[in-house]
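For reference, the structure discussed in these notes is given below.
Residue numbers (the working numbering): 3 to 175.
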């Protein structure tokens, strides 16, 4: 699997800062690839819009990255939240067809990965299979870097910093 870097995806939201991963040599981040691919499909466009509103408005502006908003997917997490979680701004329903994988580092910092259309009962099968595997790989590498002290969350728990320089982390994993 290719090397990747963490990049800021959205740092304008008051409650949560979002990062994404970008593969070495790629033009688009993994999250941008997800949104572009699924937004181009007319059948999935309204679901992409719902997910975007949930991330930017509900998490980013109103509530932050509340643990209940995340679906556990081994070492990674995913959106939308489990169906039992009610969110007044968005109704994901029982059969929401998309999964966007991510990693919640704190209530104010989330790393967004890629995802896919949920076409099977489990994330390890169907069209989410590759994105699920990659998300868990990214989450594992990021968690190792946190555990080893190579990176850390700043005091506000919004920014990922290089522990040596105290500046935003820009190295490849």
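In this text, a Cβ means the ideal position worked out from N, Cα and C, and glycines have one as well.
If you're wondering where the values come from, they're calculated on a predicted model, not measured in any experiment.
Among 125, 113, 62, which one has its Cα closest to the Cα of residue 195?
The first residue shown for the chain is 3 and the last is 175, placing residue 195 beyond what the model contains.
Kindly indicate which residue of 113, 13, 114, 134 has the alpha-carbon position closest to the one of residue 122.
134
Should residue 92 be labelled buried (16 or more other beta-carbon atoms within 10 Å of its own) or exposed?
buried
Here's the rule: buried if 16 or more other CB atoms are within 10 angstroms of the residue's CB, otherwise exposed. What is residue 76?
exposed
Residue 37 lies in the alpha helix (DSSP H); which residues open and close that run?
Note, residue 37: alpha helix (DSSP H), 32–41.
Determine the direct distance from the alpha carbon of residue 64 to that of residue 103, and round the result to whole angstroms.
21 Å
What are the boundary residues of the beta strand (DSSP E) that includes residue 13?
Per DSSP, residue 13 belongs to no beta strand (DSSP E) and is neither H nor E.
Okay, do the stretch 140–159 and the stretch 40–52 touch, 3+ Cβ pairs below 8 Å being the bar?
No: fewer than three Cβ pairs fall under 8 Å.
Local Cβ density within 10 Å of residue 172, reported as buried at 16 or more and exposed below that:
exposed
Cβ pair residue 35, residue 7 closer than 8 Å:
no
Would you check if the distance between the CB atom of residue 38 and the CB atom of residue 21 is smaller than 8 Å?
no
Have a look at residue 17 and residue 45 and give me their C-alpha separation to the nearest angstrom.
Straight across, the Cα-Cα distance linking residue 17 with residue 45 is about 31 Å.
Tell me the rounded alpha-carbon separation between residue 12 and residue 127.
30 Å
Quick check on residue 95: buried or exposed, where buried means 16 or more other Cβ atoms within 10 Å of its Cβ?
exposed
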